[in-house]
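K.L.:
This is the structure I want to talk about, given as structure tokens.
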Amino acid sequence: WTLATYTSCSCIILGLSESVIAAACSRVGQRVLHVDRRNYYAGNWASFTFNGLLSWIEEYKVSLAVFGEVERCLLESSSVEEEEPVVAGDEASPASRPDAGAEQTQPEGQEREMPSQTEETQGEAQQASPSPAERQPEPKKKITYTKIVKEGRRFNIDLVSKLMFSRGSLVDLLIKSNVSRYAEFKNVTRILTYRNGKVEQVPCSRADVFGSKQLTVVEKRMLMKFLTFCLDFEQHQEEYQDFSEHSFWDFLQTKKLTENLQHFILHSIAMVIPEVGTVEGLRATQHFLRCLGRYGNTPFLFPLYGLGEIPQCFCRMCAVFGGIYCLRHSVQCLVLDKESGKCKAVIDTHGQRISCSHFVVEDGYIGADQRKNTDSRQISRAVLITDRSILPSDSEQQISLVTVPPVEPGGPLVRIIELCSSTMTCMLDTYLVHLTCSSASGSAQEDLAPVVSRLFHTPAREEESRGPTVLWALYFNMRDTSAVDRSSYDLPSNVHVCASPDTALGSDHSIKLAEAVFRQLLPDEEFCPPAPNPEDIIYDGDGPQGEGPGFEEAAPAEGAGAQGGESTGRQEGKEAVGATKGAGDSVTPETGAGDEPSPTSDE
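Encoded structure:
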């Protein structure tokens, strides 16, 4: 068997939009061949283990065709000096102080045990041991670079850092298509902002606003009044029509909001830059508020094991309905029809000719000869592994979204997503921190290092910092072609180009692009119709199933084996669906079409 025998198909190269298109085409009966020159799924949307990420870095040190400049920063105290440990613990813990030794420091007011105690005295001391509430907490284990490498499989590090709006197009598509059964999600627990040199929690929901200690009573009323207006601002055009040509920042200043409230609304609720238009800012605020409360007190979900799980979920659906996947396999060139000028086949690296009716490809695979005025923007990214949370709280399992306004005039707005170990993206006692911004200088380190130095402690800093210690850091740039028009490519009409990831927090652009391409491929078909539940599938040769024989009735002789086999298949299907549930407090979207995800119970 060779790929050359797989004819009359849609040939697709990996990515989020491409994976959605592949699943949609396969679901309606189209033949799909999914190829990629890489050895992993999802392309620029992939997630890596720590060791896998190190291999990715080495790969792009040799070939930087897709991501541009990759800057690797292995901090001295955690990587070069492998024998010197970096303590991962709370700042108030005695073990994290410079003068702490191997022994645990006793709390004040409690006498130290003398080394010369007799066994009898030791026995009495054990009987009079303090209660669990009075015991000094044990110091956390020390984290070294060697241990990070050893536990590297516990990390799932995304190349793209995004969240899912609970009422966004991606979540709606996951529910509609039943692809949600392949993944589990957690709710982002808090939204933070950086202001006046410190990190603060932003009140979002009504309960958060009235329970906040940061706002005065007057500010709480002002904030609730403004947010209520934003929910249906289209019904009150007289409130903002005079500012339709002005910036959202100018509009906020006319609402008699305090500087504190203006900061919260602009940077942490609307999450826009001050120069954005008033209507766009109001629409962003409205979308944020409408997403509140669907799954928790914040509008966002995050998939367990990283964002790279989402493209793989759609790949699984494509494979279930007959899609073929081939990694480490590249397309060498296209074969065009002389009369129509369309692509009718592709030639792979082994010289095989594969006939195809459509070819879907990511922008990074398009050569310079086929580009016309495709000036792309740059995204600056940083990935940090830290020893504790950026804002410590009673619970160590916090998923946080942090917005950092421009540190310097004209600088970029930086978005930070901090993930804890319960997201299955990092090892215990560490946090995985993603920083993202639009590149202003063309270098990720120049754009993001000032923010890292303000919020985190790095060994390069001589002065002491109360921020989390950076155990490992990586800076790199990615190309953003989301604004490039289709007419900018000199390609046949049945070759469809999907843009690379953009800087937006959500994935709406990629999902809308996938649906638009699908409409061009199959205008008369439904986009991602619901996949049937395993127990509803009737295999070829099996008729509709009526009621089976009773307990005392004899089963018919003919077809008994076929019916029994299907019954077993249905039971296995039920077990497979049930296996996706019950992962602690994670959120699992239900498989029924149109149903909303619901939290799973501990049972």
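Numbering-wise (my numbering), the sequence shown opens with residue 1371 and increments by one. No residue lacks a Cβ here, since even glycine has one placed at the ideal position from N, Cα and C. Keep in mind the model is a prediction, meaning the values are calculated, not measured.
Tell me whether K1546 sits in a helix, a strand or coil according to DSSP, three-state version.
P.N.:
Walking along the sequence shown from the start, residue 1546 turns up at place 176. Note: K1546 maps to helix in three-state DSSP.
K.L.:
Once the 5 residues before and after H1879 are set aside, which same chain residues still bring their CB inside 6 Å of it?
P.N.:
Locating residue 1879 in the sequence shown gives position 509, counting from the first residue. Only S1852 and D1872 meet the Cβ criterion.
K.L.:
Output the distance between the C-alpha atoms of R1523 and L1789, rounded to the nearest integer angstrom.
P.N.:
Your numbering for residue 1523 matches position 153 in the sequence shown. Your numbering for residue 1789 matches position 419 in the sequence shown. Roughly 16 Å between the two C-alpha positions.
K.L.:
Are the CB atoms of S1763 and A1814 within a distance shorter than 8 Å?
P.N.:
Translated into the one-based positions of the sequence shown, residue 1814 becomes position 444. Translated into the one-based positions of the sequence shown, residue 1763 becomes position 393. In this structure, S1763 does not lie closer than 8 Å to A1814 by Cβ.
K.L.:
Please return the same chain residues whose Cβ sits closer than 8 Å to the Cβ of S1809, not counting the five positions on each side in sequence.
P.N.:
Start at 1 with the first residue of the sequence shown, and residue 1809 comes out as number 439. Cβ neighbours of S1809 beyond the five flanking positions: R1747, Q1748, I1749, S1750, P1782, D1817 and N1847.
K.L.:
I'd like to confirm the pairing. Which residues does DSSP put opposite I1382 in its beta bridges?
P.N.:
To locate residue 1382, count along the sequence shown from 1; it is residue 12. DSSP, once it has assigned bridges, lists H1404 and V1730 as partnering I1382.
K.L.:
Per DSSP, D1528 is paired with what?
P.N.:
Counting from one through the sequence shown, the residue named residue 1528 turns up at place 158. Its beta-bridge partners are S1417.
K.L.:
For the pair the region 1755-1770 and the region 1696-1714, tell me if three or more CB-CB distances fall below 8 Å.
P.N.:
These segments do not touch.
K.L.:
So, is V1390 buried or exposed, given that buried needs 16 or more other C-beta atoms within 10 angstroms?
P.N.:
On the sequence shown, position 20 is the one that residue 1390 refers to. Buried: at least 16 other Cβ atoms inside 10 Å.
K.L.:
What is the rounded straight-line gap between the Cα of L1677 and the Cα of K1532?
P.N.:
The sequence position of residue 1677 within the sequence shown is 307, counting from 1. The sequence position of residue 1532 within the sequence shown is 162, counting from 1. Going from the Cα of L1677 to the Cα of K1532 covers about 7 Å.
K.L.:
Classify C1688 as buried or exposed, calling it buried when 16 or more other Cβ atoms lie within 10 Å of its own Cβ.
P.N.:
Here residue 1688 refers to the residue found at position 318 of the sequence shown. Buried, by the Cβ-count rule.
K.L.:
With a 10 Å radius around its C-beta and 16 neighbouring C-beta atoms as the bar for buried, classify D1707 as buried or exposed.
P.N.:
The residue given as residue 1707 occupies position 337 in the sequence shown. The residue in question, D1707, is exposed, as its Cβ has fewer than 16 Cβ neighbours within 10 Å.
K.L.:
Can you look up A1412 in the DSSP assignment and give me helix, strand or coil?
P.N.:
In the sequence shown, residue 1412 corresponds to position 42, counting from 1. Coil.
K.L.:
Tell me, which residues are paired with E1788 by DSSP?
P.N.:
Sequence index remark: in the sequence shown, residue 1788 carries index 418 (1-based). Bridge partners of E1788: S1770 and V1803.
K.L.:
Check this for me: beta carbons of E1896 and V1398, under 8 Å apart or not?
P.N.:
As a position in the sequence shown, residue 1896 is number 526, starting the count at 1. As a position in the sequence shown, residue 1398 is number 28, starting the count at 1. It is a contact, given that the beta carbons lie within the stated cut-off.
K.L.:
Using DSSP with H/G/I as helix, E/B as strand and the rest coil, what is V1390?
P.N.:
Translated into positions along the sequence shown, residue 1390 becomes position 20. Correct three-state label for V1390: helix.
K.L.:
Taking the CB atoms as reference points, tell me whether P1669 and I1680 lie closer together than 8 Å.
P.N.:
Your numbering for residue 1669 matches position 299 in the sequence shown. Your numbering for residue 1680 matches position 310 in the sequence shown. Contact flag unset, no.
K.L.:
Where Y1695 and R1849 are concerned, what is the direct C-alpha to C-alpha distance, given to the nearest angstrom?
P.N.:
Looking up residue 1695 in the sequence shown gives position 325. Looking up residue 1849 in the sequence shown gives position 479. Using only the alpha carbons, I get a separation of about 26 Å.
K.L.:
In angstroms, rounded to a whole number, what distance separates the CA positions of I1545 and C1868?
P.N.:
Counting from one through the sequence shown, the residue named residue 1545 turns up at place 175. Counting from one through the sequence shown, the residue named residue 1868 turns up at place 498. Taking the straight line joining both Cα atoms gives about 23 Å.
K.L.:
Taking the straight line between their C-alpha atoms, what separation do you get for T1719 and F1826?
P.N.:
Here the question's residue 1719 lines up with position 349 in the sequence shown. Here the question's residue 1826 lines up with position 456 in the sequence shown. In a straight line, the C-alpha of T1719 is about 47 Å away from that of F1826.
K.L.:
Can you tell me which of the three DSSP states M1534 falls into?
P.N.:
In the sequence shown, counting from the first residue as 1, residue 1534 sits at position 164. It is a strand residue.
K.L.:
For V1405 and F1691, what's the separation of their Cα atoms in angstroms?
P.N.:
Counting from one through the sequence shown, the residue named residue 1405 turns up at place 35. Counting from one through the sequence shown, the residue named residue 1691 turns up at place 321. Rounded to the nearest angstrom, the two C-alpha atoms are 17 Å apart.
K.L.:
Please state whether DSSP places H1616 in a helix, a strand or coil.
P.N.:
Locating residue 1616 in the sequence shown gives position 246, counting from the first residue. If DSSP states are grouped into helix, strand and coil, H1616 belongs with coil.
K.L.:
Going residue by residue through the region 1834-1879, where are the continuous alpha helix (DSSP H) segments of at least 4 residues, counting only ones entirely within it?
P.N.:
Within the region 1834-1879, no complete alpha helix (DSSP H) run reaches 4 residues.
K.L.:
List the residues that DSSP assigns as beta-bridge partners of G1647.
P.N.:
As a first step, residue 1647 must be located in the sequence shown, where it is residue number 277. For G1647, which the question treats as bridged, DSSP gives the partners S1617.
K.L.:
Can you check whether the CB of Q1702 is closer than 8 Å to the CB of I1724?
P.N.:
Residue 1724 sits at position 354 when you count from the first residue of the sequence shown. Residue 1702 sits at position 332 when you count from the first residue of the sequence shown. Going by C-beta atoms, I1724 is not nearer than 8 Å to Q1702.
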